[in-house]
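Number of protein chains: 2
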Amino acid sequence: MSADAEPAPVSAKPPVTLREVAAAAGVSVATASKALNGQGRMTAETRERIRETARLLGFRPNSLAQSLLRKRSFTVGLLTNDTYGRFSLPLMAGVSDALVDNGVSVFLCNVEDDTRLGQLHVEAMLDKRVDGIIATGKRIDRHLPVDLSNLRVPVVYAFTQPDPGAVGLVSDDAGGARLAVEHFVRLGRRRITHVSGPESFAVVHARAEACREVLQEHGLPTAEPLLGAWSEAWGHEAVAKLFGKAGREGWPDAVFCGNDQIARGVIDALRERGIRVPEDVGVIGFDNWEIVAEATRPPLTSVDMNLASLGREAGLALLSLVGGRAAVPGIRKLPCRLVVRQSCGSPPE
Amino acid sequence: MSADAEPAPVSAKPPVTLREVAAAAGVSVATASKALNGQGRMTAETRERIRETARLLGFRPNSLAQSLLRKRSFTVGLLTNDTYGRFSLPLMAGVSDALVDNGVSVFLCNVEDDTRLGQLHVEAMLDKRVDGIIATGKRIDRHLPVDLSNLRVPVVYAFTQPDPGAVGLVSDDAGGARLAVEHFVRLGRRRITHVSGPESFAVVHARAEACREVLQEHGLPTAEPLLGAWSEAWGHEAVAKLFGKAGREGWPDAVFCGNDQIARGVIDALRERGIRVPEDVGVIGFDNWEIVAEATRPPLTSVDMNLASLGREAGLALLSLVGGRAAVPGIRKLPCRLVVRQSCGSPPE
DNA sequence: ACGATTTGGGAAAAGGTTTTCTCAGAGAGA
DNA sequence: TCTCTCTGAGAAAACCTTTTCCCAAATCGT
Chain E
559 MSADAEPAPV
569 SAKPPVTLRE
579 VAAAAGVSVA
589 TASKALNGQG
599 RMTAETRERI
609 RETARLLGFR
619 PNSLAQSLLR
629 KRSFTVGLLT
639 NDTYGRFSLP
649 LMAGVSDALV
659 DNGVSVFLCN
669 VEDDTRLGQL
679 HVEAMLDKRV
689 DGIIATGKRI
699 DRHLPVDLSN
709 LRVPVVYAFT
719 QPDPGAVGLV
729 SDDAGGARLA
739 VEHFVRLGRR
749 RITHVSGPES
759 FAVVHARAEA
769 CREVLQEHGL
779 PTAEPLLGAW
789 SEAWGHEAVA
799 KLFGKAGREG
809 WPDAVFCGND
819 QIARGVIDAL
829 RERGIRVPED
839 VGVIGFDNWE
849 IVAEATRPPL
859 TSVDMNLASL
869 GREAGLALLS
879 LVGGRAAVPG
889 IRKLPCRLVV
899 RQSCGSPPE
Chain P
559 MSADAEPAPV
569 SAKPPVTLRE
579 VAAAAGVSVA
589 TASKALNGQG
599 RMTAETRERI
609 RETARLLGFR
619 PNSLAQSLLR
629 KRSFTVGLLT
639 NDTYGRFSLP
649 LMAGVSDALV
659 DNGVSVFLCN
669 VEDDTRLGQL
679 HVEAMLDKRV
689 DGIIATGKRI
699 DRHLPVDLSN
709 LRVPVVYAFT
719 QPDPGAVGLV
729 SDDAGGARLA
739 VEHFVRLGRR
749 RITHVSGPES
759 FAVVHARAEA
769 CREVLQEHGL
779 PTAEPLLGAW
789 SEAWGHEAVA
799 KLFGKAGREG
809 WPDAVFCGND
819 QIARGVIDAL
829 RERGIRVPED
839 VGVIGFDNWE
849 IVAEATRPPL
859 TSVDMNLASL
869 GREAGLALLS
879 LVGGRAAVPG
889 IRKLPCRLVV
899 RQSCGSPPE
């Protein structure tokens, strides 16, 4: 019989340890450690020899052992209840971006509005000695279904309701709304309306209020915002309400929408009525959800909440907290940005 | 002067260790460990006393120390290049679901089609001694921009191109297409066309081929699929091509679309032409992207790739690999599922 | 009552790294 | 030549838990 070929072992040999490097270089582990970390005193020749040996052997320090000793794991947890990631993913990208260069990895935990699951995840993260936690969600006026107020690690809240006294980062919804409405005003629009989501959302009020303020500042007529749902269907309905009444002169010439889906519905409904966008009516959305904003006809001008920046800031804030530097508690609002596409037209000559 | 109130320390006292529990219970750490893990021999009374002490003190074992010893970190990495998470997030949800009950946490790493970033993340994960890695992406016929073929830890590929000899899980696109076309046939549709994405995608061919097969099996006419982009705009264009020519009798009575955005475009374009959906033409999409499928008018019947299940399976497969049980290498295709809404009509009486 | 076995529990090593001490030898100053 | 100060490097503790081995006391059998 021929000797059977050994099946390739699924897991290769164990990683090379500092002890092995030290042995290969003919020094003690202490010296090896110091050589690699630029600590201690030794001849440049010794240090270089050890470094070379480590390189040759492909040595990488065991992060677990380091963490155990340093009481710092270079690991943070990102807690979210935003299953589809509309908001958390851009945020996560920013967080990750801010942290990866510091060698920090991110545990993503979806708690799904389930307290038990949240508890489970938080305990798992704590057991794994995360250096800190970033809490995020799908709306900024609700808590996650889990209590993070008395943890042994710092917590930063981003795009979710912070606990009192904690560090919170949210988008400046009022500012975003200003951006949109002022853009309309600048383009010469005069009858500007606001169609937004459910009354139960804090951002709905913040944006509506800012909208009203800007209109007043410019001496333009204000009307009650139309509140409904975050859906295309509501955009259609709203158009029916706004443009259903006869008398073209009463019609708005601009609609600022609470999100891009509403705006999409509004634009489609306007086209169905033969009302031209942007010639007759300008439309601005919110969220700058590119896949929607770019698919509307014409492409949608929209307010971007800069969630990636928000995530970056949250990551940096957490890093600073982890480093022992106290951060100013309270809610910090980060500016939005208007992404101009073609649903508003150009300024009058 | 009144004594200043001490500012609350940002980080509370360090976690309680096994040593402290042992001291409080008047036993050695060895005994304490055994008591808590159900190991060793001791009187039930002693064991219970230690357990109670631990509970009182809020002891939780340091996962880092455990991992160091067991050579198992209860941590896995999820590598993706799907920045917006259309595909990775449902998948991630499934993975997480499969793993959380085993106390396994997931590092989410977005590598963004950037080899350097990929390298960075993989090394960080390896340094942190992840038990395994799940690789995923935004299309199943492309590799991630990072080499995972000779890692010391098991790797499972889900919804991305696996390395040869590795374990790969993907959706059964051909099966999904069959589901859609057979649904049309069952409803009595006879002139069924296929509008899909760019030719460069493997799934485009798989689905088109399956589509052709089903039509042949039923003796129905086949036509070349229309290949374009994954966009609404292409859906509009395709309708122009299909329904532009005069002679209503040559028109299709069913359009199977390569994704929901195309389907959305198709439905909108049909309505604009006064062609009724589903009465005149049935439409089926792919991906079951709920936010799109539910916003089309009428709501879109669509093929769901069961990405959460895919994620679950990937998680379980990885767990099994980590546990040392060899898994069958090669690509396993998981079935799709047809989500029926209202864009196809009801079966004829 | 004496040896054999069981019982309850502790000591110590292991896991990989960092850091603080310690120490032998070398060079310098007198 | 004798002491003092560096210099280069190692020993060992520490981080926290698990597990193997070991030992004394108690129980059992005869």
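So the protein sequences, as listed, match chains E and P. Sequential numbering from 559 applies to the first sequence in the numbering used here. Sequential numbering from 559 applies to the second sequence in the numbering used here. We put the beta carbon where it would ideally sit given N, CA and C, even for glycine.
Count the other CB atoms within 10 Å of the CB of Gln597(P); is the residue buried (16 or more) or exposed (fewer)? On the second sequence, residue 597(P) is found 39 positions in, with the first residue counted as 1. So Gln597(P) counts as exposed.
When you compare the CB of Val568(E) with every CB in chain P, is at least one pair closer than 8 Å? Stepping through the first sequence from its first residue, residue 568(E) is reached at position 10. Here the model assigns Val568(E) a pLDDT of 44, short of 50, so the residue's position is not dependable and the matter cannot be decided.
Arg890(E) in three-state terms, based on DSSP: Numbered from 1 along the first sequence, position 332 holds the residue referred to as residue 890(E). Assigned with DSSP and collapsed to three states, Arg890(E) falls in strand.
Suppose the cutoff is 7 Å on Cβ atoms and the five residues either side in sequence are ignored; what does the same chain contact list for Ala724(E) look like? By 1-based counting over the first sequence, the position of residue 724(E) is 166. Setting aside the 5 residues that flank it on each side, Ala724(E) is surrounded in the same chain by Val713, Tyr715 and Pro887, each with a C-beta closer than 7 Å to its C-beta; the list follows chain order.
Nearest-angstrom Cα separation, counted from Arg628(E) out to Leu879(E): Taking the first residue of the first sequence as position 1, residue 879(E) is located at position 321. Taking the first residue of the first sequence as position 1, residue 628(E) is located at position 70. If you take the alpha carbons of Leu879(E) and Arg628(E), they lie about 16 Å apart.
For the putative contact between Leu706(P) and Ile691(P), defined by C-beta atoms under 8 Å, what is the C-beta separation to the nearest angstrom? Counted from its first residue, the second sequence places residue 706(P) at position 148. Counted from its first residue, the second sequence places residue 691(P) at position 133. Contact between Leu706(P) and Ile691(P) holds: their C-beta atoms lie close to 6 Å from each other, under 8 Å.
Does the distance from the CB of Leu874(E) to the CB of Ala656(E) come in under 8 Å? Residue 874(E) sits at position 316 when you count from the first residue of the first sequence. Residue 656(E) sits at position 98 when you count from the first residue of the first sequence. Closer than 8 Å, so yes.
Between which two residues does the beta strand (DSSP E) containing Val574(E) stretch? Numbered from its first residue, the first sequence carries residue 574(E) at position 16. Per DSSP, Val574(E) belongs to no beta strand (DSSP E) and is neither H nor E.
Going by other Cβ atoms of all chains shown within 10 Å of its Cβ, with 16 needed for buried, is Ile756(P) buried or exposed? Start at 1 with the first residue of the second sequence, and residue 756(P) comes out as number 198. For clarity, residue 756(P) is Pro in the given sequence; the question names Ile instead. Exposed, by the Cβ-count rule.
How many Å lie between Cys902(E) and Pro619(P) at the Cα? In the first sequence, the residue the question calls residue 902(E) occupies position 344. In the second sequence, the residue the question calls residue 619(P) occupies position 61. C-alpha separation (whole angstroms): 59 Å.
Would you call the CB atoms of Leu865(P) and Gly843(P) closer than 8 Å? Within the second sequence, the letter at position 307 stands for residue 865(P). Within the second sequence, the letter at position 285 stands for residue 843(P). Their beta carbons are not under 8 Å apart, which means Leu865(P) does not touch Gly843(P) by this criterion.
Spatial neighbours of Thr575(P) within its chain, please: CB distance less than 6 Å, with the 5 preceding and 5 following residues excluded, ordered by chain position. One-based indexing of the second sequence puts residue 575(P) at position 17. The answer is none, since no qualifying residue turns up.
So Asn620(E) contacts chain P; which residues on that side make the cut at Cβ distance below 8 Å? Locating residue 620(E) in the first sequence gives position 62, counting from the first residue. Within chain P, the residues whose beta carbon sits less than 8 Å from that of Asn620(E) are Leu626, Asp685 and Arg687, listed in sequence order.
Hey, how far is the Cα of Asp672(E) from the Cα of Leu666(E)? In the first sequence, residue 672(E) corresponds to position 114, counting from 1. In the first sequence, residue 666(E) corresponds to position 108, counting from 1. Straight-line measurement puts the Cα of Leu666(E) at about 15 Å from the Cα of Asp672(E).
Tell me whether Gly584(E) is buried or exposed, calling it buried when 16 or more other Cβ atoms sit within 10 Å of its Cβ. Reading the first sequence from its first residue, position 26 is the one you call residue 584(E). The residue in question, Gly584(E), is exposed, as its Cβ has fewer than 16 Cβ neighbours within 10 Å.
Candidates Cys894(E), Ala623(E), Ser904(E) and Val898(E): closest to Ala732(E) by CA position: Counting from 1 along the first sequence, the entry for residue 732(E) is found at position 174. Checking every option, the nearest Cα to that of Ala732(E) belongs to Cys894(E).
Cβ closer than 8 Å: which chain E residues qualify as neighbours of Met650(P)? For the purposes of this step, residue 650(P) is identified with residue 92 of the second sequence, where counting begins at 1. By Cβ distance, chain E contributes Leu666 and Asn668.
Using a threshold of 8 Å, state whether the C-beta atoms of Asp730(E) and Lys696(E) are closer than that. What you label residue 730(E) is simply residue 172 of the first sequence in a count that begins at 1. What you label residue 696(E) is simply residue 138 of the first sequence in a count that begins at 1. In terms of Cβ geometry, Asp730(E) and Lys696(E) do not form a close pair [threshold 8 Å].
Cβ shell of Ala764(P) (< 8 Å), same chain only, five flanking positions each side left out: Position 206 of the second sequence holds residue 764(P). Asp731, Ala732 and Ala735, listed in sequence order.
On the criterion of 16 or more Cβ atoms from any shown chain inside 10 Å, does Leu876(P) qualify as buried, or is it exposed? By one-based count along the second sequence, residue 876(P) stands at place 318. By the neighbour-count rule (16 or more Cβ atoms within 10 Å), Leu876(P) is buried.
From Leu636(E) to Leu649(E), what does the alpha carbon distance come to, in whole angstroms? Working through the first sequence from its first residue, we reach residue 636(E) at position 78. Working through the first sequence from its first residue, we reach residue 649(E) at position 91. Whole-angstrom Cα-Cα distance: 10 Å.
Measure the C-alpha to C-alpha separation of Ala798(P) and Arg822(E) and round it to an integer number of angstroms. In the second sequence, residue 798(P) corresponds to position 240, counting from 1. In the first sequence, residue 822(E) corresponds to position 264, counting from 1. Distance between the alpha carbons of Ala798(P) and Arg822(E) is about 22 Å.
Backbone CA spacing between Gly777(E) and Ala812(E) [nearest angstrom]: Locating residue 777(E) in the first sequence gives position 219, counting from the first residue. Locating residue 812(E) in the first sequence gives position 254, counting from the first residue. Answer to the nearest angstrom: the Cα atoms are 16 Å apart.
Report the three-state DSSP secondary structure of Met559(P) (helix, strand or coil). Within the second sequence, numbered from 1, the residue matching residue 559(P) stands at position 1. A caution first: Met559(P) carries a pLDDT of 39, below 50, which makes its placement in the model unreliable, though a value can still be read off. Three-state result, Met559(P): coil.
What residues match up with Asp862(P) in a beta bridge as DSSP calls it? Within the second sequence, numbered from 1, the residue matching residue 862(P) stands at position 304. Per DSSP, Arg895(P).
Proximity below 8 Å, CB of Val651(E) to CB of Gly869(E): Taking the first sequence and counting its residues from 1, the one referred to as residue 651(E) is at position 93. Taking the first sequence and counting its residues from 1, the one referred to as residue 869(E) is at position 311. Note that residue 651(E) corresponds to Ala in the displayed sequence, not to Val. Cβ atoms of Ala651(E) and Gly869(E): closer than 8 Å.
Any residues in the stretch 775-792 of chain E with a beta carbon nearer than 8 Å to a beta carbon of chain P? Which ones, in chain order? The residues in question are Ser789, Glu790 and Ala791.
In whole angstroms, what is the alpha-carbon distance linking Glu830(P) and Pro779(P)? Looking up residue 830(P) in the second sequence gives position 272. Looking up residue 779(P) in the second sequence gives position 221. Roughly 27 Å separates the two Cα atoms.
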